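Peer 1: Got a structure here, written out as structure tokens. Questions coming.
Have a look at this one:
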């Protein structure tokens, strides 16, 4: 990249030498994420302060250096990949977590703080930042905000964007902007805070945030259900919406997923394995008296709303229940090469969409196994395609491509999303037109231009300019 | 306005004659809101469908006709005022409310639906759209969305923007865009739905929305507390944050407010009137067993966290409690001319901010009475300034202006907002710089330009171009 030498040399008077990495091997580790794309990184910067970030960006803007902001790099869409010689701006050294404010139920953090560390910190005050996802031990708050992370408790709490009362961001021009400054109410024009959340580092670099917290659940319980059909699952979900509790997770998986978890990870289901679909439902209650919940379960069983249903009676039971749902990805990984689709439809369309999706899959007669699971209560299913042993990698890839075209056409008919929670990054850019119109993409471009007219910030992510 | 005749004549083939008003007296009723500004309206259009809205806007764009979108016109910032000969586009005839979807807990409505009608409709399914504000019997969903309405239950539910899963909007170019299509999860680029919410009709016209609903509270209770100081109020709020319930309202008012409500509206406080501040706290619980709540109240009283506290024992008690808080505006209105400031600071800054604000008011030695009340738990106090009888209107206005300058300077120091929930409209445009930086306003202009390059949609609202 031209000007790189001048850029790094100018930074030398603002950053200490250990904050600037240039060894190619060391650098490339910062240029990829869980998509395992090949990195090509010119340099890595590890600022210690917002002022340093501002200095980096204003110099980069002046010298036309492309910057890729980077957090825990657990993304699944290539949003933090640097593969074209960009400079990586890692926020990982900015990981301060302030004291919890118990009056406003908020906590101020720097964007390099690890999500799980924030959870642990808030827990000591009886509070919860309710974004809970598999990568929480590695991912960072800045990444959660940039991708508007989801996770398993969206049905109760919604996405990341609902749990933020302030952002400190630095624009590509090096200006530090404090957005919303921890105000619960602030109707003074367009909500730039919401615009930045989910923009995958293409508009500005998030350096700090004030996170809104909620009470830790007082009492939790876990149910496992088996059901005869998707229709029955939807009826159960609707019934549970009005049960004597709050649903905090309503996850589903197919019999094929259960069998793989049983076989590959030796996990045990206490409600058998002969039904076509299974539901893990977690609930929250304010009382430890189980009688109302047991009565509700009795009614569900009596009315044959499920094949079988069971309430976990111990923390071992609870772990075993979650173990079935959470073991799916691992058990599939050891089964064979996999292609994953993280899509969404309106919750009310889950039954017809999944029914058509399965029929379409059968009709195509592919040498592929389909594993269907995900967040039923959020309208967010995962289609995992796994290669069968007798199929070549090339053939697997071709068949997945064929399936993808059909799946996306179906999604478009249902007004669905080609990326429920993983974002667009560089991997899903070409899919976006299935979920967004040309006019929307045109508005995206105008917004991008307003923030970053030289297209230097996370170039090539979300859309090509 | 030039081209008006051509515009109305072209519309004649798309709208029925009763959908086009041109009688000046009839028209002007549609050009003002609760700010009572003088209207000057060229024509009023009352479309019956989104297609008609699209036709109106594309023709207006072509002929350069300025359009003011209009709902229930209960705004307090002049966001729906048409005072410069604009054409008013009223959505009031588009008020369809679809069946509630009990699986996804959503309801689709047209933007002319009255907020209270939506509440009543959803209540029949045991569900709640939790935006609850004084104007609910008159205001419309489109207005709630355009202003990101707040209200008395923000502490529990947040603002309007958290309770929307889809918007149908029409751009000034006449394009119909379906934003987010009722998806709980949809991370495919910048969130234009959130950008439109709170944009006060300056970016696009909202024609339909899918509203996210929540369960109706199972059991509610109301407390009244008297406290010796703002510090004590903050400690009570923090303690209540961790009580055996969810807070659904934490409202406060000064002794002066209480005395006026007692005197002017003959309402009675069951906890006396000798303390400087009062709190109305509403809570939600999942059980009708009061023992835990009474135990909590006992502890609060025993530890002298309040002067006095009382739990309403009947629905009459509850009404009487809310009557004190809700009567303030009415009792002030009959006391004298009033200037109102609806501001916000971080909740954690309420005590120092209000303390300084009161001291500043005393120091200024004005011929004005200050009534202090509002949403303590959201950091959103109302400063109402009321003229004393011996002060002239001119002097009152001058003194208010002097106070305003000091108040806004104080707000700026606390990183506060000059408009917590009422929006900017045309009244607060010149205040916005206290809460937003020039760079933010520059970004606003770029965004406005992307949507409405000719500046025809709600011109002069939020900011001058």
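Chains as they are written, first to last, in the working numbering: chain A, 1 to 465; chain B, 1001 to 1465.
Here a beta-carbon is modelled for each residue, glycine too, at the ideal position from N, C-alpha and C.
Quick caveat, the model's predicted, so the values are computed rather than measured.
(1) Determine, using beta carbons only, whether residue 291 of chain A comes closer than 9 Å to chain B.
(2) If I'm right that residue 1346 of chain B touches residue 1292 of chain B with Cβ under 8 Å, what's the distance once you round it to whole angstroms?
(3) Taking the continuous beta strand (DSSP E) assigned at residue 1246 of chain B, which residues delimit it?
(4) Between residue 1367 of chain B and residue 1276 of chain B, what straight-line distance do the alpha-carbon atoms span, to the nearest angstrom?
(5) So what's residue 369 of chain A in DSSP terms, helix, strand or just coil?
(6) Restricting to runs no shorter than 3 residues, where is the beta strand (DSSP E) found entirely within the segment 328-364 of chain A?
(7) Could you say if the segment 1160-1174 of chain B and the segment 1195-1215 of chain B meet the contact criterion of at least three C-beta pairs nearer than 8 Å?
(8) Looking at residue 1380 of chain B: is its Cβ nearer than 9 Å to the Cβ of residue 1343 of chain B?
(9) Hey, could you find the ends of the beta strand (DSSP E) residue 1075 of chain B is sitting in?
(10) Measure the Cβ-Cβ separation of residue 1090 of chain B and residue 1030 of chain B and say whether it is below 9 Å.
(11) Does residue 384 of chain A come within less than 9 Å of chain B when only Cβ atoms are used?
(12) So, are the CB atoms of residue 1326 of chain B and residue 1134 of chain B less than 9 Å apart?
(13) Please specify which runs of the alpha helix (DSSP H), each continuous and at least 4 residues long, are wholly inside the segment 1199-1268 of chain B, giving them in chain order.
(14) Please confirm if residue 1159 of chain B has its CB atom under 9 Å from at least one CB of chain A.
(15) Please list the residues of the segment 1417-1450 of chain B that have a C-beta atom closer than 7 Å to any C-beta atom in chain A, keeping them in chain order.
(16) CB-CB under 7 Å to residue 977 of chain B, same chain, minus the five flanking residues each way: which ones, in chain order?
(17) Looking at the strands, I want to know which residues DSSP matches up with residue 1434 of chain B.
(18) What does a CB cutoff of less than 7 Å around residue 48 of chain A pick up in its chain, not counting 5 residues either side in sequence?
(19) Would you verify that the beta carbon of residue 101 of chain A is, or is not, closer than 9 Å to some beta carbon of chain B?
(20) Spatial neighbours of residue 264 of chain A within its chain, please: C-beta separation below 7 Å, excluding the five flanking residues on both sides.
(21) Within the continuous alpha helix (DSSP H) that includes residue 402 of chain A, where are the two ends?
(22) Is the CB-CB distance between residue 1070 of chain B and residue 1208 of chain B below 9 Å?
(23) To be precise: take each residue of the segment 1182-1195 of chain B, compare its Cβ to all Cβ atoms of chain A, and keep it if any distance is under 7 Å. Which residues remain?
(24) Consult DSSP for residue 1066 of chain B and reduce its assignment to one of helix, strand or coil.
(25) Straight-line CA distance for residue 1422 of chain B to residue 1444 of chain B?
(26) What does a CB cutoff of less than 7 Å around residue 169 of chain A pick up in its chain, not counting 5 residues either side in sequence?
(27) In chain A, which residues lie with their C-beta within 9 Å of the C-beta of residue 1346 of chain B?
(28) Looking at chain A, which residues of the segment 1118-1150 of chain B have a Cβ within less than 8 Å of any of its Cβ atoms?
(29) Taking the continuous alpha helix (DSSP H) assigned at residue 1471 of chain B, which residues delimit it?
(30) Could you spell out where the alpha helix (DSSP H) holding residue 1154 of chain B opens and where it closes?
(31) For residue 1119 of chain B, which of helix, strand or coil comes out of DSSP?
(32) Which residues in the same chain as residue 144 of chain A place their Cβ atom closer than 7 Å to its Cβ, once the five residues preceding and following it in sequence are excluded?
(33) Within the same chain, show all residues whose beta-carbon is closer than 8 Å to that of residue 1456 of chain B, passing over the 5 residues directly before and after it, in chain order.
(34) From the DSSP output, in three-state form, read off residue 92 of chain A for me.
(35) Are the C-beta atoms of residue 1205 of chain B and some chain A residue less than 9 Å apart?
(36) Among residues of its own chain, excluding the 5 on either side of residue 157 of chain A, which ones have a beta-carbon nearer than 6 Å to its beta-carbon?
Peer 2: So, from the data block:
(1) By 1-based counting over the first chain, the position of residue 291 of chain A is 291. Taking Cβ atoms only, chain B never reaches closer than 9 Å to residue 291 of chain A, which makes this a no.
(2) Counted from its first residue, the second chain places residue 1346 of chain B at position 346. Counted from its first residue, the second chain places residue 1292 of chain B at position 292. Actually they do not touch by this definition, with Cβ atoms about 31 Å apart.
(3) For this step, residue 1246 of chain B is matched to residue 246 along the second chain. Boundaries of the beta strand (DSSP E) around residue 1246 of chain B: 1246-1254.
(4) As a working note, residue 1367 of chain B is residue 367 in the second chain. As a working note, residue 1276 of chain B is residue 276 in the second chain. C-alpha separation (whole angstroms): 21 Å.
(5) The sequence position of residue 369 of chain A within the first chain is 369, counting from 1. It is a strand residue.
(6) 338-342
(7) yes
(8) In the second chain, residue 1380 of chain B corresponds to position 380, counting from 1. In the second chain, residue 1343 of chain B corresponds to position 343, counting from 1. Contact flag set, yes.
(9) Locating residue 1075 of chain B in the second chain gives position 75, where the first residue counts as 1. Unbroken run through residue 1075 of chain B: none, as it is neither H nor E.
(10) Translated into positions along the second chain, residue 1090 of chain B becomes position 90. Translated into positions along the second chain, residue 1030 of chain B becomes position 30. Contact: yes.
(11) Along the first chain, one-based indexing puts residue 384 of chain A at 384. Residue 384 of chain A does not count as touching chain B.
(12) Here residue 1326 of chain B refers to the residue found at position 326 when the second chain is read from its first residue. Here residue 1134 of chain B refers to the residue found at position 134 when the second chain is read from its first residue. Contact flag set, yes.
(13) 1230-1241, 1255-1265
(14) The sequence position of residue 1159 of chain B within the second chain is 159, counting from 1. Closer than 9 Å: yes.
(15) 1417, 1418, 1419, 1420, 1421, 1422, 1423, 1424, 1432, 1435, 1436, 1437, 1439, 1440, 1443, 1444, 1446, 1447, 1450
(16) In the structure as shown, chain B begins at 1001 and stops at 1465. Residue 977 of chain B is therefore absent and cannot be evaluated.
(17) Residue numbering aside, residue 1434 of chain B sits at position 434 when the second chain is read from its first letter. Paired residue(s): none; residue 1434 of chain B is not in a bridge.
(18) Within the first chain, the letter at position 48 stands for residue 48 of chain A. Same-chain partners within the cutoff: 19, 93, 94.
(19) For the purposes of this step, residue 101 of chain A is taken as the residue at position 101 of the first chain. Residue 101 of chain A counts as touching chain B.
(20) For this step, residue 264 of chain A is matched to residue 264 along the first chain. Within the same chain, 331, 334, 335 come within 7 Å of residue 264 of chain A by CB-CB distance, once the 5 residues on both sides are set aside.
(21) On the first chain, position 402 is the one that residue 402 of chain A refers to. That run of the alpha helix (DSSP H) goes 393-413.
(22) Mapped onto the second chain, residue 1070 of chain B falls at position 70. Mapped onto the second chain, residue 1208 of chain B falls at position 208. Not closer than 9 Å, so no.
(23) 1182, 1183, 1184, 1185, 1186, 1187, 1188, 1189, 1190, 1191, 1192, 1194, 1195
(24) In the second chain, counting from the first residue as 1, residue 1066 of chain B sits at position 66. Reduced to three states, the DSSP call for residue 1066 of chain B is coil.
(25) As a position in the second chain, residue 1422 of chain B is number 422, starting the count at 1. As a position in the second chain, residue 1444 of chain B is number 444, starting the count at 1. Their backbone Cα atoms lie some 18 Å apart in a straight line.
(26) By one-based count along the first chain, residue 169 of chain A stands at place 169. Excluding residues within five positions, the ones whose Cβ falls inside 7 Å are 177, 179, 196, 204, 205, 206, 207.
(27) Taking the second chain and counting its residues from 1, one reaches residue 1346 of chain B at position 346. Going along chain A in sequence order, the residues near residue 1346 of chain B (Cβ under 9 Å) are 101, 104, 106, 165, 166, 181, 182, 183, 184, 210.
(28) 1126, 1147, 1148, 1150
(29) The first residue shown for chain B is 1001 and the last is 1465, placing residue 1471 of chain B beyond what the model contains.
(30) For the purposes of this step, residue 1154 of chain B is taken as residue 154 along the second chain, with counting starting at 1. Per DSSP, residue 1154 of chain B belongs to the alpha helix (DSSP H) from 1154-1157.
(31) By 1-based counting over the second chain, the position of residue 1119 of chain B is 119. Of the three classes helix, strand and coil, the one that applies to residue 1119 of chain B here is helix, per DSSP.
(32) Residue 144 of chain A sits at position 144 when you count from the first residue of the first chain. Once the five neighbours on either side are set aside, the close Cβ partners of residue 144 of chain A are 115, 131, 160.
(33) Position 456 of the second chain, counted from the first residue, corresponds to residue 1456 of chain B. Cβ within range, chain order: 1060, 1061, 1064, 1065, 1066, 1067, 1172.
(34) The residue given as residue 92 of chain A occupies position 92 in the first chain. Three-state DSSP puts residue 92 of chain A in coil, outside helix and strand.
(35) On the second chain, position 205 is the one that residue 1205 of chain B refers to. Chain A, which has no Cβ nearer than 9 Å to the Cβ of residue 1205 of chain B, makes this no.
(36) Residue 157 of chain A sits at position 157 when you count from the first residue of the first chain. Taking residue 157 of chain A as the centre and dropping the five residues before and after it, the same chain places the C-beta of 130 closer than 6 Å to its C-beta, in chain order.
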